[in-house]
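For reference, the structure is listed below as structure tokens.
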Amino acid sequence: MRRRASLVLLAAAVFCAALSPLLRWYAFPRLAKVPPSQYQSVVMEAKNADLIDYNKMEARKVSKVNIVQTLKGNVEQAKKVKDATGRDVVVWDTLSYIVGPDGKMVSSIPERYVFDAHSQEPVHAGGESVDGTPVRRDGIEYKWPFLTEKRDYQYFDMQTRTSAPIHYRGTRTFHGLEVYYFEQTIPWTKVPLPKKMPLGVTPEVVKQTGLERWYSTKRMFWVDPVTGAPVNGEELHKEEMRWIGHPEKKPITAFAGHVKMRPDYVDSTVDLVTSQRVLVLLLTSYLPWGLLGLGCLLLTLSLVLEARSRRPGSGTAPAEDPAPDPEPVPA
Amino acid sequence: MRALIAAAIGLAAALALVLAITAIGMPSGETSPKPLLTTVPAHP
Numbered sequence: 003m004r005r006r007a008s009l010v011l012l013a014a015a016v017f018c019a020a021l022s023p024l025l026r027w028y029a030f031p032r033l034a035k036v037p038p039s040q041y042q043s044v045v046m047e048a049k050n051a052d053l054i055d056y057n058k059m060e061a062r063k064v065s066k067v068n069i070v071q072t073l074k075g076n077v078e079q080a081k082k083v084k085d086a087t088g089r090d091v092v093v094w095d096t097l098s099y100i101v102g103p104d105g106k107m108v109s110s111i112p113e114r115y116v117f118d119a120h121s122q123e124p125v126h127a128g129g130e131s132v133d134g135t136p137v138r139r140d141g142i143e144y145k146w147p148f149l150t151e152k153r154d155y156q157y158f159d160m161q162t163r164t165s166a167p168i169h170y171r172g173t174r175t176f177h178g179l180e181v182y183y184f185e186q187t188i189p190w191t192k193v194p195l196p197k198k199m200p201l202g203v204t205p206e207v208v209k210q211t212g213l214e215r216w217y218s219t220k221r222m223f224w225v226d227p228v229t230g231a232p233v234n235g236e237e238l239h240k241e242e243m244r245w246i247g248h249p250e251k252k253p254i255t256a257f258a259g260h261v262k263m264r265p266d267y268v269d270s271t272v273d274l275v276t277s278q279r280v281l282v283l284l285l286t287s288y289l290p291w292g293l294l295g296l297g298c299l300l301l302t303l304s305l306v307l308e309a310r311s312r313r314p315g316s317g318t319a320p321a322e323d324p325a326p327d328p329e330p331v332p333a
Numbered sequence: 662m663r664a665l666i667a668a669a670i671g672l673a674a675a676l677a678l679v680l681a682i683t684a685i686g687m688p689s690g691e692t693s694p695k696p697l698l699t700t701v702p703a704h705p
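If you're matching them up, the sequences are chains G and Z in order. Offset between the first sequence (1-based) and the numbering used here: plus 2. Offset between the second sequence (1-based) and the numbering used here: plus 661.
Here it is in structure tokens:
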């Protein structure tokens, strides 16, 4: 009986010990992926910002500018790209909608971002674009890879439509989470005007006025390294309308402000990331280490049982001959 | 010999479980019917 129990324990020990690395190194890279049907919105705000008034063509101080960013996973398009490329991809259709203090649109920039669901590497298929113009991303955008590393990444900037390094600047604690802080500075660069602007202004009209748009920003992200999801983002964003061929003329500030995530969105993002990171940690840490420990324990028990079963006098050892009855002694 | 067979059974069970889990994978779901927002929502 002990022999059989020790064999069962041995099988269970091997099961647990083998499952541990299989979960971490085989199952995790295949199971951890961004869901293709993700829908998420975030509101950012810039208080006391400078904003251009297209009627007067001058900057004015406004109490607040809101930036509503929505991303929506396009499952049908993701399936088409998967059929074409054989890769598990996510297609995000996004919209950055900027609202002035009067509640009216300042600009509206749609984007399509196609990336590998597991590694978050950009995939050049499925019509990746910014504001209707095809682009080719060489860097990540919106989300870092699972198990983010302490290193610089290439990050795509939608205004310049180019990728540039975003630098790892250290580990911080944010709302009780240990996060990696990243920073990217985009120097003054000439950028295209958004196709949708207020008062029916078009890029052609602005160009005819003799103006072009320049932009500079310092972008900051606080990223949960387990899920790769940013839990906070800020930008020191500046935009100017500069006179074409007249560097001596003073540029018009189109926008200048410190853009921050609205506090209630920070809280909801932290809650979402906290729940998701448990699932990732389950596959990368809790289950592998727990199973390894359990495997060792079961193996020890199995060996103990086996040793006991081989000891003379144990229940499973062959029964010795009983001692002969004593000879009757005459009284 | 019995010990070897027991270990092989444990290993095969672990492999089968992991292969089954990864083969099933995650459901892809459907595109959300919600629109891309053009107003400032009051709450997340």
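Cβ coordinates follow ideal geometry from the N, Cα and C atoms, glycine included.
Out of curiosity, what's the CA-to-CA distance linking Ala20 (chain G) and Leu676 (chain Z)? Here residue 20 (chain G) is taken as the residue at index 18 of the first sequence, counted from 1. Here residue 676 (chain Z) is taken as the residue at index 15 of the second sequence, counted from 1. Each residue's Cα considered, the two are about 8 angstroms apart.
N-terminal and C-terminal residue of the alpha helix (DSSP H) that Gly671 (chain Z) is part of: Within the second sequence, residue 671 (chain Z) is the residue found at index 10, counting from 1. Arg663 to Ile685 is the span of the alpha helix (DSSP H), which, as asked, contains Gly671 (chain Z).
Taking all protein chains shown into account, do 16 or more other C-beta atoms lie within 10 angstroms of the C-beta of His239 (chain G), making it buried, or fewer, making it exposed? On the first sequence, position 237 is the one that residue 239 (chain G) refers to. By the 16-neighbour rule on beta-carbons within 10 angstroms, His239 (chain G) is buried.
Use the C-beta contact count for Ala15 (chain G): other C-beta atoms within 10 angstroms, 16 or more gives buried, fewer gives exposed. In the first sequence, residue 15 (chain G) corresponds to position 13, counting from 1. Here Ala15 (chain G) is buried: its Cβ has 16 or more other Cβ atoms, across all protein chains shown, within 10 Å.
Can you grab the Cα-Cα spacing for the pair Glu130 (chain G) / Ala673 (chain Z), in whole Å? Along the first sequence, one-based indexing puts residue 130 (chain G) at 128. Along the second sequence, one-based indexing puts residue 673 (chain Z) at 12. Note on geometry: alpha-carbon atoms of Glu130 (chain G) and Ala673 (chain Z) lie some 44 angstroms from one another.
Touching or not, the region 70–88 of chain G and the region 270–284 of chain G, by the rule of three or more beta carbon pairs under 8 angstroms? Taking one beta carbon from each stretch, the region 70–88 of chain G and the region 270–284 of chain G have fewer than 3 pairs nearer than 8 angstroms; the two do not touch.
Is there a Cβ from chain Z that is less than 8 angstroms from the Cβ of Ala231 (chain G)? By 1-based counting over the first sequence, the position of residue 231 (chain G) is 229. By this cut-off, Ala231 (chain G) is not an interface position.
Please report the distance separating the alpha-carbon of Asp159 (chain G) from that of Thr699 (chain Z). Position 157 of the first sequence, counting from 1, holds the residue named residue 159 (chain G). Position 38 of the second sequence, counting from 1, holds the residue named residue 699 (chain Z). Going by the C-alpha atoms only, they are around 22 angstroms apart.
Looking only at its own chain, which residues have a Cβ that is under 7 angstroms from the Cβ of Pro200 (chain G), when we skip the five neighbours before and after it? Looking up residue 200 (chain G) in the first sequence gives position 198. So the qualifying residues of the chain are Tyr56, Lys106, Met107 and Val108.
Count the other C-beta atoms from every protein chain shown that fall within 10 angstroms of the C-beta of Ala319 (chain G), then say buried if there are 16 or more, exposed otherwise. As a working note, residue 319 (chain G) is residue 317 in the first sequence. Caution applies to Ala319 (chain G), whose pLDDT of 45 falls short of 50 and renders its modelled position unreliable; the value that the coordinates give is listed next. Exposed is the call here.
Pull up the CB-CB distance for Ala29 (chain G) and Phe148 (chain G), whole angstroms please, since I reckon it's below 8 angstroms. Counting from one through the first sequence, the residue named residue 29 (chain G) turns up at place 27. Counting from one through the first sequence, the residue named residue 148 (chain G) turns up at place 146. Rounded to the nearest angstrom, the Cβ distance from Ala29 (chain G) to Phe148 (chain G) is 13 angstroms, too far for a contact under 8 angstroms.
State yes or no: is the beta carbon of Leu201 (chain G) nearer than 8 angstroms to at least one beta carbon in chain Z? Residue 201 (chain G) sits at position 199 when you count from the first residue of the first sequence. Under the 8 angstroms criterion on CB atoms, Leu201 (chain G) is classed as non-interfacial with respect to chain Z.
How about Glu78 (chain G): is its C-beta nearer than 8 angstroms to some C-beta of chain Z? By 1-based counting over the first sequence, the position of residue 78 (chain G) is 76. It does: the Cβ of Glu78 (chain G) has a partner Cβ on chain Z nearer than 8 angstroms.
Just checking: is the beta-carbon of Leu21 (chain G) within a distance shorter than 8 angstroms of some beta-carbon in chain Z? Position 19 of the first sequence, counted from the first residue, corresponds to residue 21 (chain G). Yes, its Cβ sits closer than 8 angstroms to a Cβ of chain Z.
Less than 8 angstroms between the beta carbons of Val36 (chain G) and Lys145 (chain G), yes or no? The count along the first sequence starts at 1 and reaches residue 36 (chain G) at position 34. The count along the first sequence starts at 1 and reaches residue 145 (chain G) at position 143. In contact: Val36 (chain G) and Lys145 (chain G) (Cβ atoms closer than 8 angstroms).
At the 8 angstroms Cβ level, is Met662 (chain Z) part of the contact set with chain G, yes or no? For this step, residue 662 (chain Z) is matched to residue 1 along the second sequence. Interface annotation, Met662 (chain Z): not in contact with chain G, CB-CB separation never under 8 angstroms.
Close Cβ partners of Thr219 (chain G) (< 6 angstroms) along its chain, the five nearest in sequence each way excluded: Start at 1 with the first residue of the first sequence, and residue 219 (chain G) comes out as number 217. So the list reads Ile188, Glu237 and His239, once near-sequence residues are dropped.
Where do the N-terminal and C-terminal ends of the beta strand (DSSP E) with Trp190 (chain G) fall, by residue? Within the first sequence, residue 190 (chain G) is the residue found at index 188, counting from 1. First-last of the beta strand (DSSP E) with Trp190 (chain G): Leu179 to Val193.
Compare the beta carbon distance of Pro124 (chain G) and Val67 (chain G) with 8 angstroms and say whether it is the shorter of the two. Locating residue 124 (chain G) in the first sequence gives position 122, where the first residue counts as 1. Locating residue 67 (chain G) in the first sequence gives position 65, where the first residue counts as 1. No, they are not a contact pair.
Would a check of beta-carbon distances place Tyr28 (chain G) closer than 8 angstroms to chain Z? The count along the first sequence starts at 1 and reaches residue 28 (chain G) at position 26. Interface with chain Z (8 angstroms Cβ-Cβ cutoff): Tyr28 (chain G) is included.
Which one of G:Ser304, G:Pro227, G:Ile142 and G:Tyr41 has the shortest CA to CA distance from Ala664 (chain Z)? For the purposes of this step, residue 664 (chain Z) is identified with residue 3 of the second sequence, where counting begins at 1. Of G:Ser304, G:Pro227, G:Ile142 and G:Tyr41, the residue nearest in Cα terms is G:Ser304.
Would you identify the three-state DSSP class for Ala19 (chain G), choosing helix, strand or coil? Along the first sequence, read from residue 1 onward, the residue named residue 19 (chain G) stands at position 17. Looking at Ala19 (chain G) - three-state DSSP - the assignment turns out to be helix.
Pick helix, strand or coil for Val77 (chain G), following the three-state DSSP scheme. Taking the first residue of the first sequence as 1, we reach residue 77 (chain G) at position 75. Helix at Val77 (chain G).
Partners in chain G for Ala668 (chain Z), counting only beta-carbon separations shorter than 8 angstroms: Numbered from its first residue, the second sequence carries residue 668 (chain Z) at position 7. In chain order: Leu12, Ala13 and Val16.
By how many angstroms is the C-alpha of Phe17 (chain G) removed from the C-alpha of Val10 (chain G)? In the first sequence, counting from the first residue as 1, residue 10 (chain G) sits at position 8. In the first sequence, counting from the first residue as 1, residue 17 (chain G) sits at position 15. Going by C-alpha positions, Val10 (chain G) is about 11 angstroms away from Phe17 (chain G).
Looking at the C-beta of Ala681 (chain Z), does it have a partner C-beta in chain G at a distance below 8 angstroms? The count along the second sequence starts at 1 and reaches residue 681 (chain Z) at position 20. In terms of beta-carbon proximity, Ala681 (chain Z) stays away from the interface with chain G, with every pair separated by 8 angstroms or more.
Look up Ile54 (chain G) in the DSSP assignment and give the residues it is bridged to. For the purposes of this step, residue 54 (chain G) is identified with residue 52 of the first sequence, where counting begins at 1. Under DSSP, the beta-bridge partners assigned to Ile54 (chain G) are G:Ala61.
So which of G:Ile100, G:Pro253 and G:Thr175 has the shortest CA-CA distance to Ala48 (chain G)? In the first sequence, the residue the question calls residue 48 (chain G) occupies position 46. Of the candidates G:Ile100, G:Pro253 and G:Thr175, the one whose C-alpha sits nearest the C-alpha of Ala48 (chain G) is G:Ile100.
In the structure shown, what three-state DSSP assignment does His172 (chain G) receive? Here residue 172 (chain G) is taken as the residue at index 170 of the first sequence, counted from 1. It should be pointed out that residue 172 (chain G) corresponds to Gly in this sequence rather than to His. In the three-state reduction of the DSSP assignment, Gly172 (chain G) falls in the strand class, which pools E and B.
Which residues, in chain order, does the region 59–88 of chain G contribute to contact with chain Z at a C-beta distance below 7 angstroms? Sequence-ordered contacts of the region 59–88 of chain G with chain Z read Asn68, Val70, Thr72, Lys74, Gly75, Asn76, Val77 and Glu78 [C-beta pairs closer than 7 angstroms].
Could you work out which residues of chain Z lie near Tyr99 (chain G), taking near to mean beta carbons separated by less than 7 angstroms? Here residue 99 (chain G) corresponds to residue number 97 of the first sequence, with the count starting at 1. In chain order: Leu698 and Thr699.
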